[in-house]
């Protein structure tokens with residue numbers, strides 16, 4: 240249950256202001272409040288969360304305790320880097336109305352974002368990939384649903400860049416502590 244809760248909360252926080260959330264918000268403004276767009280975004284969030292959890296579960300089965308702790312530190316560091324990286328989101332000029340194309344782009348963006356790194360880390364550390372996958376799917380789904388619900392207001396109402404920087408700093412500090420403990424320094 241711990242991996243479920245940690246993955247859900249961390250996935251939602253790390254996905255706030257992420258590329259996929261901004262893309263869904265922009266597409267909602269361009270295409271309207273399409274339920275199909277929301278379903279595609281939710282399906283992509285769930286698929287990538289379960290893929291990350293599956294990957295984490297496979298690693299957990301083949302790693303020692305020290306190696307899995309170091310993997311968690313590296314995953315946290317990658318998530319911090321992804322959160323802190325300034326991305327310039329360009330709104331689509333003429334967005335496609337193809338839900339298949341939107342799903343492919345969302346899936347590719349979500350597969351390597353901070354949320355999925357964290358889901359993989361929780362699947363490794365708690366050795367519970369299915370619960371981490373469910374938590375990541377709910378957290379990531381809530382983030383894209385928030386983007387879909389708020390549309391263009393998302394960027395105007397929330398200080399997304401500041402939230403991402405704070406999240407990057409917190410993840411970096413946790414990664415340093417976890418990495419130092421894995422090396423026996425703490």
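In my numbering, the protein residues as written are 240 to 425.
Glycine is no exception: its CB is placed at the ideal position from the N, C-alpha and C atoms.
Computed from a prediction, not measured in an experiment: that's the story for all the values here.
| Query | Result |
| --- | --- |
| Extent of the continuous alpha helix (DSSP H) to which residue 272 belongs | That residue, residue 272, is in no alpha helix (DSSP H); it is neither H nor E in DSSP. |
| Rounded straight-line distance, which links the Cα of residue 378 to that of residue 314 | 18 Å |
| Reference residue 246; option with closest CA among 393, 376, 340 | 376 |
| DSSP three-state assignment for residue 406, whether helix, strand or coil | helix |
| Residues of its chain near residue 473, where Cβ-Cβ distance is below 8 Å and the 5 sequence neighbours each way are ignored | Outside the shown range of the chain, which is 240 to 425, sits residue 473, and nothing can be said about it. |
| Enclosing alpha helix (DSSP H) for residue 257 [first to last residue] | From DSSP, residue 257 is part of no alpha helix (DSSP H); its letter is neither H nor E. |
| Reference residue 284, options 254, 301, 271, 244, closest by Cα | 254 |
| Enclosing alpha helix (DSSP H) for residue 307 [first to last residue] | 304 to 323 |
| Bounding residues of the alpha helix (DSSP H) (the contiguous stretch that carries residue 367) | Element bounds for residue 367: n/a, residue is neither H nor E. |
| Residue span of the alpha helix (DSSP H) that contains residue 336, given as start and end | Premise fails: residue 336 is in no alpha helix (DSSP H) and is neither H nor E. |
| For residue 354 and residue 250, believed in contact at Cβ under 8 Å, the rounded distance | 4 Å |
| Beta-carbon proximity check, residue 345 vs residue 257, cutoff 8 Å | no |
| Straight-line gap, residue 393 to residue 299 (C-alpha atoms, nearest Å) | 37 Å |
| Simplified DSSP assignment, three categories, for residue 326 | coil |
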